[in-house]
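Below: one structure, written as structure tokens.
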Amino acid sequence: MEDEENTQSKVTLSGLLNFIDRIWSACGGERLVVFTTNYVDKLDPAVIRRGRMDKHIELSYCCFKAFKVLARNYLDLDSHELFETIARLLGKTNMTPADVAENLMPKSVIQDAESCLKNLIEALGEARVKADEEAKLKAEEAEKFKAEKEKEKDQSASLLY
Numbered sequence: 001m002e003d004e005e006n007t008q009s010k011v012t013l014s015g016l017l018n019f020i021d022r023i024w025s026a027c028g029g030e031r032l033v034v035f036t037t038n039y040v041d042k043l044d045p046a047v048i049r050r051g052r053m054d055k056h057i058e059l060s061y062c063c064f065k066a067f068k069v070l071a072r073n074y075l076d077l078d079s080h081e082l083f084e085t086i087a088r089l090l091g092k093t094n095m096t097p098a099d100v101a102e103n104l105m106p107k108s109v110i111q112d113a114e115s116c117l118k119n120l121i122e123a124l125g126e127a128r129v130k131a132d133e134e135a136k137l138k139a140e141e142a143e144k145f146k147a148e149k150e151k152e153k154d155q156s157a158s159l160l161y
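Sequential numbering of the sequence shown, starting at 1, is according to full-length UniProt numbering.
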């Protein structure tokens, strides 16, 4: 228990804000400071206010239009019979452009464009299965939590009578 407390961060919101403000005040000329998060909705508004974070850029999941750019860049393809399958899978699966690009990159000299597209289709399928499993587990946990709360409520009510 004591080791767990020592490994946790002791940064406060005030400390973080002071740190960010000191970065800006120490910059004599123009500087570019990049902050990233997967959970912008969980950040305190003071952290992301204008003047502290002036430019907000959302890097979303890969859409078919972005995939086509990646396919052109990595495989020199503007169209292929597998594009329709990939478009359908991208519409149902969250995958970052970096993950799409990784699957499109030939891993050897003998790997052709079609095998790279098939690798991507397989990766999209695996990502979809994983997302479905995670959603199912989350729903089961929520249902279990709800059942426990109902049980506690019933027990409390029976104690009152």
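Here a beta-carbon is modelled for each residue, glycine too, at the ideal position from N, C-alpha and C.
Bear in mind the structure is a predicted one, so any value in this text is a computation, not a measurement.
- Query: Do you know offhand how far Ala147's Cα is from Ala139's?
  - Reply: 12 Å
- Task: May I ask you to report which of helix, strand or coil DSSP gives Leu43?
- Result: coil
- Pull up the CB-CB distance for Leu59 and Ala101, whole angstroms please, since I reckon it's below 8 Å. Approximately 13 Å separates the beta-carbon atoms of Leu59 and Ala101; this is outside 8 Å, ruling out the contact.
- Message: Quick check: Phe67 and Leu82, are their CB atoms within less than 8 Å of each other?
- Response: Going by C-beta atoms, Phe67 is not nearer than 8 Å to Leu82.
- At which residue ranges does the UniProt domain "AAA+ ATPase At3g28540-like C-terminal" (62-133) contain complete alpha helix (DSSP H) runs of 4 or more residues, listed in the order of the chain? 64-75, 83-92, 97-104
- Message: Within the continuous alpha helix (DSSP H) that includes Ile57, where are the two ends?
- Response: Here Ile57 belongs to no alpha helix (DSSP H), and DSSP marks it neither H nor E.
- Note the first and the last residue of the continuous alpha helix (DSSP H) segment covering Gly15. 13-26
- Item | Straight-line gap, residue 193 to Ser158 (C-alpha atoms, nearest Å) | There is no way to answer for residue 193, as the model of the chain reaches only from 1 to 161.
- Item | Candidates Pro97, Cys116, Thr96, Met95: closest to Met105 by CA position | Cys116
- Message: Suppose the cutoff is 8 Å on Cβ atoms and the five residues either side in sequence are ignored; what does the same chain contact list for Val47 look like?
- Response: Leu13, Leu16, Leu17, Ile20, Met53
- Message: Using the Cβ count rule (16 or more neighbours within 10 Å means buried), how would you classify Cys62?
- Response: buried
- Message: Assuming the contact rule is C-beta atoms closer than 8 Å, Asp131 and Asn94 should be a hit. Round their C-beta distance to whole Å, please.
- Response: Note on residue identity: the sequence assigns Ala, not Asp, to residue 131. Indeed they touch by this definition, with Cβ atoms about 7 Å apart.
- Please determine, among Ser79, Ile121, Gln111, the residue with the shortest C-alpha to C-alpha distance to Arg88. Of the candidates Ser79, Ile121, Gln111, the one whose C-alpha sits nearest the C-alpha of Arg88 is Ile121.
- Task: Look at the Cβ atom of Leu77, then the Cβ atom of Ala113, and state whether they are nearer than 8 Å.
- Result: yes
- Message: Rounding to the nearest angstrom, what Cα-Cα distance links Glu133 and Glu126 in this structure?
- Response: Between Glu133 and Glu126, the alpha-carbon positions lie close to 11 Å from each other.
- Query: Exposed or buried, Asn103, counting other C-beta atoms within 10 Å across all chains shown (16 or more means buried)?
  - Reply: So Asn103 ends up on the buried side.
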